[in-house]
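Reading through the structure tokens given below for one structure.
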Amino acid sequence: MSNPFWSPALARLEPYVPGEQPRGRKLIKLNTNENPYPPSPRALEVLGDPQLADALRRYPDPESCDLRAAIAARFELTPEQVFVGNGSDEVLAHAFYSFFRRDEALLFPDITYSFYPVYCQLYDIEYRTVPLRDDFSLAVEDYSGPAAGVILANPNAPSGRYLPLAEIERLLQLQPQRVVVVDEAYIDFGGDSAVQLIDRHPNLLVTQTLSKSYALAGLRLGFAMGQAHLIEGLNRAKDSFNSYPIDAIAQRLATVAIGDSAWLADCCGKVIATRERTVAALQQMDFDVVPSKANFVLARPRKLGAETLYRALRERDILVRYFNKPRISEYLRISIGTDEEMDTLLQSCREIIASQTE
28 MSNPFWSPAL ARLEPYVPGE QPRGRKLIKL NTNENPYPPS PRALEVLGDP QLADALRRYP
88 DPESCDLRAA IAARFELTPE QVFVGNGSDE VLAHAFYSFF RRDEALLFPD ITYSFYPVYC
148 QLYDIEYRTV PLRDDFSLAV EDYSGPAAGV ILANPNAPSG RYLPLAEIER LLQLQPQRVV
208 VVDEAYIDFG GDSAVQLIDR HPNLLVTQTL SKSYALAGLR LGFAMGQAHL IEGLNRAKDS
268 FNSYPIDAIA QRLATVAIGD SAWLADCCGK VIATRERTVA ALQQMDFDVV PSKANFVLAR
328 PRKLGAETLY RALRERDILV RYFNKPRISE YLRISIGTDE EMDTLLQSCR EIIASQTE
């Protein structure tokens, strides 16, 4: 329903629908790809800093200089090659506005992050979805020809599939006059970042987030990396919308988190080990599992409908993500939790499948 006070453009929008965030119930929550472990202890120490109170009465640094310097040091870039925002969703929003509002269509896969078409609606960007192969892999050659640009999640969501850097470079060469955004929200769980290609490709913009591998989804901090002219474009959009986007607490906490590389490696290592153990167990139960380099897996139960299993798991207080969409309606996306949470999930799947197929 529309409201008579809404503009026609607002009435036409179909907003993004996030995964369920339940309240008041103790659930095993494997539906929104959150990290199952606490953030870096070094980062959490920031919250006890007595100087933080004084910082809160002042406007934060509008350029997030210390944070950008920390990100630049982590990726061997310069601060001028780094942009920060409130979660990678805000960073992506600025990228869509800055680079993709053209006469041609923006290209992205038909199965990918469902916020991409929402941004296109919001900014009146024409787009064309490019079908993935039957195994959900991406064919780079399908992205040639006239386009407003290309955006792809790598590893992809919700499939978890990863596109190697050699293929990313091929894609950049196919669209040398247009920006290619590589959305790396899940890259720390087993992939190689395209950041190392930035100096060779002026059309490459890489986005990342602290929500997944850094266990800071509640902080809302994302960033983009590219050559300075692309970052300048993002800053033009940001400064025309909100010149103080990152609050003082987020800047300080994120700066410390980015520097704790030992914690990051340990945390991601645990998630990867649990993912591989989960994949093996699901395959033993006759699930088709798409190869994943993310902190989730996309799995199809052969012996039971995906929606049936999704509902049965929810009755047991276990949340996974079900997408009632073409090509993936028989799959469930399962976030990787702790070993104990995954053991409970796997045992529940065994019991449900056994009871439903007797």
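The sequence shown: position 15 = 42 (this note's numbering), numbered continuously.
Virtual Cβ for every residue (Gly too), placed ideally from N, Cα, C.
query                                                                                                                                                    : result
Taking the C-alpha atoms as reference points, what is the distance between E211 and Q235?                                                                : 5 Å
Name the DSSP bridge partner or partners of Y154?                                                                                                        : L133
Just to confirm, is the Cβ distance from L325 to R354 under 8 Å?                                                                                         : no
Secondary structure at S34, three-state DSSP: helix, strand or coil?                                                                                     : coil
Need the endpoints of the beta strand (DSSP E) that S362 sits in, please.                                                                                : 359-362
Pull up the DSSP beta-bridge partners for Y349, would you.                                                                                               : L359
According to DSSP, is F392 helix, strand or coil?                                                                                                        : Any property of residue 392 remains undetermined from this structure, which presents the chain solely from 28 to 385.
Between which two residues does the beta strand (DSSP E) carrying P391 extend?                                                                           : The first residue shown for the chain is 28 and the last is 385, placing residue 391 beyond what the model contains.
Using beta-carbon positions only, say whether A386 and Y146 come within less than 8 Å of one another.                                                    : This structure leaves residue 386 out entirely; the chain is present only between 28 and 385.
Got a sec? Which residues, its chain only, sit under 8 Å from E72 by beta carbon, not counting five neighbours each side?                                : V283
If D430 and R338 are in contact, beta carbons under 8 Å, what's the gap, nearest whole angstrom?                                                         : Residue 430 lies beyond the residue range present for the chain, which begins at 28 and ends at 385; the question has no answer from this structure.
Between which two residues does the beta strand (DSSP E) carrying G176 extend?                                                                           : 176-180
What ranges does the beta strand (DSSP E) occupy inside the region 204-253, keeping only unbroken runs of at least 3 residues that lie completely in it? : 207-210, 231-236, 249-253
For the alpha helix (DSSP H) holding G112, just list the boundary residues, first then last.                                                             : Run containing G112: none in the alpha helix (DSSP H); it sits in the beta strand (DSSP E), 109-112.
Compute the Euclidean distance between the alpha carbons of D162 and S319, then round it to the nearest angstrom.                                        : 12 Å
Please report the distance separating the alpha-carbon of L192 from that of D219.                                                                        : 7 Å
Below 8 Å on the Cβ atoms is my guess for G388 versus F126; work out the distance and round it to an integer in Å.                                       : Examination of residue 388 is not possible in this model, given that the chain is present from 28 through 385 alone.
Mind checking who K56 pairs with in its DSSP beta bridge?                                                                                                : L346
For S267, count the other beta carbons within 10 Å of its own beta carbon; 16 or more makes it buried, fewer makes it exposed. Which is it?              : exposed
Kindly indicate the opening and closing residues of the alpha helix (DSSP H) around D315.                                                                : Run containing D315: none in the alpha helix (DSSP H); it sits in the beta strand (DSSP E), 314-316.
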